[in-house]
Amino acid sequence: MDEVWGTFAAPSAHTLDVHMSRLRERFKDNPDFEIVTVRGLGYKMVEK
Numbered sequence: 001m002d003e004v005w006g007t008f009a010a011p012s013a014h015t016l017d018v019h020m021s022r023l024r025e026r027f028k029d030n031p032d033f034e035i036v037t038v039r040g041l042g043y044k045m046v047e048k
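Its first residue numbered 1, the sequence shown is counted upward by one per residue in UniProt numbering.
Written out as structure tokens, the structure is:
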């Protein structure tokens, strides 16, 4: 998380969940792509 928010910030895991939820909401109507969770690695945008 330091690479995303920097070392000065101390975001919780919940912060990341909220951001991903908002991104998924923005892209939910996009027929071409979706954001998926890759367990143990993170997230990725894939073609449907």
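A virtual CB, placed ideally from N, CA and C, is assigned to each residue, including glycine.
- With respect to the 8 Å criterion, Lys44 and Val36 are classified as neighbours on the basis of their beta carbons.
- For Lys44, the uninterrupted beta strand (DSSP E) run begins and ends at 42–47, by DSSP.
- Excluding the 5 residues flanking it on each side, Phe27 has same chain C-beta neighbours closer than 8 Å at Phe33, Glu34, Ile35, Met45, in chain order.
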